[in-house]
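Trainee: This structure is in structure tokens; I'll ask about it shortly.
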Amino acid sequence: MRQGSWRFHRDLGPATVWGYWAKNPENPDRPTGMGYLGPTFSVTKDRPTVVKYRNELPTTHLFQFVIDRIRSGDPQLTPVAPPPYKSHPPFPANINVWNVVHQHGGFTAPQSDGMPMQSFSPDGFQGESYSTLDPDRVRRNEAIYAYTNRERSSMLWYHDHAMGMTSLNIYAGLAGLYLVRDPADKQLGLPRDEFEVPLILQDRSFHRDGSLAYTMTEREGEDTPVVNGKAYPFLAVEPRRYRLRILNASNERHWRLKFAVPRDVLPQPTLPFWLIGTDGGFRTPLQMLNFLIGPAERYDLIVDFSEMPMGTNVTLTNYNAPVHYPGGAGPEISEIMQFKVTERLSGGADRTTPARKLKLPSVSPIKPKPRTRRREWVLYQQKLFGTMTFNAVPFMEPSQDFIKAGSTEIWEYINPNHDAHPMHVHLVNFQVLNRQPLDAAGYQADYEKWLEGGRKPADKPVLTEYLTGPPIPPDPDEARSYKDTVKAYSEMVTRIIIQEFDPPTDTIASLAGSGTKFPATYVTHCHILEHEDDDLMRPWTIVRPRD
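Numbering (my numbering), first residue to last: 497 to 1043.
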């Protein structure tokens, strides 16, 4: 992790940014990186990866004014604990920069998971949960993590997860892709090499000199689309099928995406595409015209440009999706990038398999049983624009949720608020079970009465008494898909089912102490990063039955 320089557009001056750099095996004195974001990991399924992370960032933050406001107790930015809990500073008084790396979507032992209190600073300060493998081989500003790569073939990502400043650190540039490859995929006939294009979607704002402007202390979202580190980019494409692997790496913004074409090209102004995968890998192909993607979600698409006349511009557009879906404010962004059909078809005909004929691994639905354990996560906000917590408990409080190893659970995210929240669960993949409308005002009022009355278990509001309609099936793009992030829609209960809580216990890459020891604590949190920093995050713990 180091500071560098990056130009987001040819008409903008250079910006100071943060990014990940990798050691160059051919020239150790010249690391590999762009300055902004980080190199893409491309790994083989079931072959583990070991990474040493070194923090070489400055000790003053790129957005120090936000750090100062948090430290001063600004009520809009500083987590305020609901009674009877006491508030705690999110980071130490003498620390302006600290970092830790989370492999998002990974099947990872907790000591390599990159949770917030595992943070460490450039000058060697370490959080209370800091951990590293092979400690004799690290300095105080370093950590060694081991990744199992036992996930399905999928696109994960890695990003900063530091306590209290994740939003600022990712905004500065600390994010990158992590591709898990299965050699068997070569037989599927998917677009490969230059025809497989990862797209990291973000929104950013800039000062007149081209430097990054962080404005989310004043408003929701930013005003400029940035894809793979470039503002309003284009990609010259051939008239053939492409595989586009899209990550929403925005801090807050939901995007509703479609591929717009000129009116005289197709009978409708939108180019259809096929969804072939989500967060956790492949699914049965589904033809679509648009989709809503929340922060941290990934969508794997096949887009066919073969019917486009040469010279056609296909525009990836965003529509009807405020920053905080469905009713937020913030700058509107309509056009994101263009695909210019200007390249001649290379290598003869397109020999990839048409999407409707793809034979991809199918996903069998996880079926709950009558006695499957249900666990509630209530999104509680004391007052408008105030701190949000799960179950009215601050993040810093010890885990209160203990889960038996190997068990199946249904988690219910109860959202009485007016915004959707993308909920991420570390370690596991899950399936979206259903959603159900909620008497949000009635539930919120009675929940607050319960809190004020001392949180007596017998008096807690019973969720089923506030449901106002039948369960709604998952959205078509979610159904029969593996996910690690789900959109918890406003004034609804969103249910997910997790088939097995089974962290990796075997030694990873022959490193002593790399497997999971019980009890094993992970976290769930909102992936609107400003909400995560403002305490919408809680630990949960896996225990063996005898623990």
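Every residue, glycine too, gets a C-beta built ideally from N, C-alpha and C.
Kindly indicate the opening and closing residues of the beta strand (DSSP E) around Glu905.
Mentor: Counting along the chain, the beta strand (DSSP E) containing Glu905 begins and ends at 905-911.
Trainee: By DSSP's criteria, Ile899 is part of a beta bridge. Which residues make up the other side?
Mentor: Ile899 pairs with Ile1038.
Trainee: On the three-pair Cβ rule with 8 Å, is the region 677-685 touching the region 704-713?
Mentor: With a cut-off of 8 Å, the region 704-713 and the region 677-685 do not count as touching, because too few Cβ pairs lie within range.
Trainee: Cutting at 8 Å between CB atoms, please list the residues of its own chain near Arg965, excluding the five before and the five after it.
Mentor: It should be noted that the sequence gives Gly, not Arg, for residue 965. If we look at Gly965 and ignore the five residues flanking it on each side, its Cβ neighbours are Gln932, Pro933.
Trainee: For a test of the three-state rule: what should DSSP assign to Gln560, helix, strand or coil?
Mentor: Gln560 falls in the helix class under three-state DSSP.
Trainee: Are three or more beta carbon pairs between the region 597-609 and the region 984-1002 nearer than 8 Å?
Mentor: The answer is yes - the region 984-1002 touches the region 597-609, with three or more Cβ pairs under 8 Å.
Trainee: Should the region 783-792 be called in touch with the region 730-750, which here means at least 3 C-beta pairs below 8 Å?
Mentor: Counting Cβ pairs under 8 Å, three or more are found: they touch.
Trainee: When the Cα atoms are used, what is the spatial distance from Arg700 to Asp719?
Mentor: In a straight line, the C-alpha of Arg700 is about 6 Å away from that of Asp719.
Trainee: On the three-state DSSP scale, how would you describe Ile992?
Mentor: Residue state, collapsed to three classes: strand.
Trainee: With distance defined between alpha-carbon atoms, name the residue in Lys952, Asp915, Ser1010, Asn930 nearest to Ala936.
Mentor: Closest option to Ala936, Cα to Cα, is Asp915.
Trainee: When DSSP labels each residue in this structure, what does Met613 get in the three-state scheme?
Mentor: Here Met613 sits in helix by DSSP.
Trainee: Measure the CB-CB distance between Asn595 and Ser615 and report whether it falls below 8 Å.
Mentor: Contact flag set, yes.
Trainee: Tell me where the alpha helix (DSSP H) around Ala851 begins and ends.
Mentor: It is not in any alpha helix (DSSP H) - Ala851 carries neither H nor E in the DSSP assignment.
Trainee: What is the rounded straight-line gap between the Cα of Ser842 and the Cα of Glu803?
Mentor: Whole-angstrom Cα-Cα distance: 16 Å.
Trainee: Which first and last residues belong to the beta strand (DSSP E) in which Gly777 is found?
Mentor: Run containing Gly777: 777-784, per the beta strand (DSSP E) assignment.
Trainee: Round the Cβ separation of Pro578 and Gln878 to the nearest angstrom and send it over; I've been treating them as touching at under 8 Å.
Mentor: Confirmed, about 5 Å.
Trainee: Throw me the rounded Cβ distance for the Arg870 and Ile906 pair, which I believe falls under 8 Å.
Mentor: Confirmed, Cβ separation roughly 5 Å.
Trainee: How should His1027 be labelled, buried or exposed, when 16 other C-beta atoms within 10 angstroms of its C-beta is the threshold for buried?
Mentor: Answer is buried; the Cβ neighbour count reaches 16.
Trainee: In terms of DSSP beta bridges, what is Leu508 paired with?
Mentor: For Leu508, which the question treats as bridged, DSSP gives no partner whatsoever.
Trainee: Could you check which residue in Ala642, Asp760, Ile862, Pro1041 has the C-alpha nearest to that of Gly902?
Mentor: Comparing Cα-Cα distances from Gly902 to each of Ala642, Asp760, Ile862, Pro1041, the minimum goes to Pro1041.
Trainee: Could you check the C-alpha separation between Pro585 and Lys726 for me, to the nearest Å?
Mentor: The alpha-carbon atoms of Pro585 and Lys726 are separated by roughly 35 Å.
Trainee: Thinking C-beta only, is Glu908 closer than 8 Å to Val958?
Mentor: Cβ distance not < 8 Å, so Val958 and Glu908 don't count as in contact.
Trainee: Alpha carbon to alpha carbon, how far is Pro861 from Pro970? Give it in angstroms, no decimals.
Mentor: For Pro970 and Pro861, the distance between alpha carbons rounds to 12 Å.
Trainee: Where Thr711 and Gly717 are concerned, what is the direct C-alpha to C-alpha distance, given to the nearest angstrom?
Mentor: In a straight line, the C-alpha of Thr711 is about 8 Å away from that of Gly717.
Trainee: Look up Met884 in the DSSP assignment and give the residues it is bridged to.
Mentor: According to DSSP, which records beta bridges pairwise, Met884 is partnered with Gln877.
Trainee: Give, in chain order, every unbroken run of the beta strand (DSSP E) that is at least 3 residues long and sits entirely within the region 763-838.
Mentor: 769-774, 777-784, 787-789, 794-800, 809-814, 831-837, all fully within the region 763-838.
Trainee: Comparing C-alpha positions only, which one of Pro765, Val889, Phe778, Pro805 sits nearest to Asn786?
Mentor: Checked all of Pro765, Val889, Phe778, Pro805; the closest Cα to Asn786 is Pro765.
Trainee: Which first and last residues belong to the beta strand (DSSP E) in which His600 is found?
Mentor: Taken as a continuous stretch (DSSP letters only), the beta strand (DSSP E) holding His600 covers 597-600.
Trainee: Cβ of Pro721 within 8 Å of Cβ of Ile899?
Mentor: Their beta carbons are not under 8 Å apart, which means Pro721 does not touch Ile899 by this criterion.
Trainee: Taking the alpha-carbon positions, what's the Thr528 to Tyr821 distance?
Mentor: Rounded to whole angstroms, Thr528 to Tyr821 spans 37 Å at the Cα level.
Trainee: Could you give the first and the last residue of the continuous alpha helix (DSSP H) run that contains Ala668?
Mentor: Taken as a continuous stretch (DSSP letters only), the alpha helix (DSSP H) holding Ala668 covers 662-668.
Trainee: Run through the DSSP bridge pairs and tell me what Glu638 is partnered with.
Mentor: Looking at the DSSP assignment, Glu638 forms a beta bridge with Arg550.
Trainee: Please work out which residues of its chain come closer than 7 Å, Cβ to Cβ, to Met530, disregarding the five sequence neighbours upstream and downstream, and give them in chain order.
Mentor: These residues qualify, in order along the chain: Trp502, Gly515, Gly725.
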